[in-house]
Amino acid sequence: MAVLPSSPSSLELTISMPGFASSQSIPSSVRNLDINQVPSGGVEEEWITMNMEDEEESSNGGPPRKKLRLTKEQSRLLEESFRQNHTLNPKQKENLAMQLKLKPRQVEVWFQNRRARSKLKQTEMECEFLKRRFGSLTEQNRRLQREVEELRAMKVGPPTVISPNSCEPLPASTLSMCPRCERVTSNAALKGPTKTATTTLSTKVAVPPL
DNA sequence: GCTCCCGCAGTCCTTACCTCA
DNA sequence: TATGAGGTAAGGACTGCGGGA
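Under UniProt numbering, think of the first position of the first sequence as 1, with each following residue one higher.
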């Protein structure tokens, strides 16, 4: 079903569904949504800022408090470099860490989490899209079923004739006029080795069930 | 075959925010 | 209206595993 992306920087999920060509499974408007965008106007106005200088111990001399929450500027720079590259080579990681006054490991973890959560968001969006698509297809299916029922009720269909020989209905399209006796003949029957089935135009026309 | 490195999935844990009594 | 408890989402960090060099 799902095909994992070959490159971590190109996040694409292909889900095949009956009746869907792969190229139309997810529209580009869904696929190309910028999930790298940092939500603006959020609640993260004031970050708790703890830089590398104050990480070693807490004020009461207890165990070092876990460092959480990057500053806005750190997040901004990380986002910026993530937009350029979804993975970092060791040199880039080192430089970025130095620039942000973070440990390379923290930069590495941030990128790992960012990749994972981008993928999650992408999957959620595609899931939503497919749910909506499924809903509309179900509705379309219902409409078509109703249409079929109405047509059945009207008994509309290709006309057939009843063969006088076999008393079985034959599609009218298989009939042709016999040039010698001016009678309608069944092509299917004419193809037979010995028998020649003939019928008149006055043969009863039957409507087969759909 | 073994080791190292890296990315990923899954998870834990802390923090911030929201709701409600 | 203020406030504290509980719930929840977000995000930083860790662990274990697998694949490639």
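Cβ atoms here follow ideal geometry from the backbone N, Cα and C, with glycine treated the same way.
No experiment lies behind these values; they were computed from the predicted model shown.
Element boundaries [alpha helix (DSSP H), containing L69]: The sequence shown places Arg at residue 69, not Leu. For R69, no alpha helix (DSSP H) segment is defined, and its DSSP state is neither H nor E.
Does DSSP put L120 in a helix, in a strand, or in coil? Secondary structure of L120 (DSSP, three-state): helix.
Selection from E124, T87, N95 and M125 that minimises the alpha carbon distance to W110: Residue T87 is the option with its Cα nearest to W110.
Cα separation between R133 and R115? So the two alpha carbons sit approximately 27 Å from each other.
K93 versus L70 - alpha carbon distance: Roughly 16 Å between the two C-alpha positions.
Report buried or exposed for N84, applying the criterion of at least 16 other Cβ atoms within 10 angstroms of its Cβ. Contrary to the premise, residue 84 reads as Gln rather than Asn in this sequence. Classification for Q84: exposed.
Closest Cα partner of S81 within the set L137, G135, L68 and L96: For S81, the nearest C-alpha among the options comes from L96.
Local conformation of K103 per DSSP, three classes: K103: coil per DSSP, three-state reduction.
Can you tell which of E73, V148, R117 and Q122 has the C-alpha that lies nearest to the C-alpha of L102? If we check each option's Cα against that of L102, E73 comes out closest.
Three-state class that DSSP yields for S155 in the structure shown: The sequence given here has Lys at residue 155, not Ser. Coil, per DSSP.
Alpha carbon of P90 to alpha carbon of L120, nearest angstrom: A direct Cα-to-Cα measurement between P90 and L120 gives close to 25 Å.
Measuring only the C-alpha atoms, how far is R105 from Q99? In a straight line, the C-alpha of R105 is about 14 Å away from that of Q99.
Here's the rule: buried if 16 or more other CB atoms are within 10 angstroms of the residue's CB, otherwise exposed. What is Q145? Counting every other CB atom within 10 Å of its CB across the protein chains shown gives Q145 a total below 16, marking it as exposed.
Quick check on L68: buried or exposed, where buried means 16 or more other Cβ atoms within 10 Å of its Cβ? Result: exposed.
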